[in-house]
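Just so we're aligned, residue 1 is where the sequence shown starts under the UniProt record's numbering, counting upward by one.
We treat Cβ as the ideally placed atom computed from N, Cα and C, and that holds for glycine.
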Amino acid sequence: MAGSPTRDRILLASLALFNTHGLAAVSTHRIAAEAEISPGNLHYHFKTKQSIVEWLFRRFEERLMSLNDSTAGIRAIDDLWLALHLRFEAIDGYRFIYRDMGHLAAEYPALGERAQALTAQNLLAAQALCEALASQGVIEATPEQTQMLALQIVFTTTCWLSFERLVPGRNEVLTLVSPYVSSESRAYLDYLRSKYLG
Numbered sequence: 001m002a003g004s005p006t007r008d009r010i011l012l013a014s015l016a017l018f019n020t021h022g023l024a025a026v027s028t029h030r031i032a033a034e035a036e037i038s039p040g041n042l043h044y045h046f047k048t049k050q051s052i053v054e055w056l057f058r059r060f061e062e063r064l065m066s067l068n069d070s071t072a073g074i075r076a077i078d079d080l081w082l083a084l085h086l087r088f089e090a091i092d093g094y095r096f097i098y099r100d101m102g103h104l105a106a107e108y109p110a111l112g113e114r115a116q117a118l119t120a121q122n123l124l125a126a127q128a129l130c131e132a133l134a135s136q137g138v139i140e141a142t143p144e145q146t147q148m149l150a151l152q153i154v155f156t157t158t159c160w161l162s163f164e165r166l167v168p169g170r171n172e173v174l175t176l177v178s179p180y181v182s183s184e185s186r187a188y189l190d191y192l193r194s195k196y197l198g
């Protein structure tokens, strides 16, 4: 049943609705209508809205864990840019999770705990990333500064969607790294920022 086209259609419709309207505002009846199936058919595949949210969260979790695992190979500014781009892409694809975290954690406490664990893993991956960049001479930062930079990167990637609703604009997460970039890497960082952030 995991590869059922109807099941996948339900998950895609749910994701689109949650991302657009928010987790709290979407009912299973609305999901069924969006997926163009009967509510009974939806409940055959997913007994509750919670089970839909859990499946989507699992997909998000797997995607971020895969990105976390890939940070070991980051050795240059363009690697960092790509890693951050892919992370923002993943978060944007499941934006309801971080944007609606208060509701998600209150309504589904087990998912709130998993989100907390995932964020802790994201922080460890960001610390490893910053330490690798420092060891390669891409950034010049003390161990304490790399820890703080990692925390700022995770905070920014996690909270950006909520902030962007208040202050629309482009994402400047590479600016966090800017004060630490070595003179050898500075020109390339400036090039990346001008090319991709305008």
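Annotation for L17: V26, R30, I31 and E34 place their beta carbon closer than 7 Å to its own, counting only its chain and skipping 5 residues before and after. Remark: C-beta atoms of Q50 and E107 approach each other more closely than 9 Å. Linking L15 to H21 through their CA atoms gives a straight-line distance of about 10 Å. Around the CB of Y191, fewer than 16 other CB atoms lie within 10 Å, so the residue is classed as exposed.
The beta carbon of Y180 sits closer than 7 Å to those of I139, E140, A141, Q145 and L149, all from its chain and outside the five residues before and after it, given in chain order. Our two residues, Q152 and F60, have alpha carbons roughly 21 Å apart in a direct line. In this structure, T71 and L23 do not form a Cβ contact; the two beta carbons are roughly 29 Å apart against a cut-off of 8 Å. A distance below 8 Å between beta-carbons, with the five flanking residues on each side excluded, links H45 to the following residues of its chain, in chain order: M1, S4, T6, R7 and I10. The straight-line gap separating the alpha-carbon atoms of Y94 and L56 is approximately 8 Å. The beta strand (DSSP E) runs lying completely inside the segment 60-95 and spanning 3 residues or more number zero.
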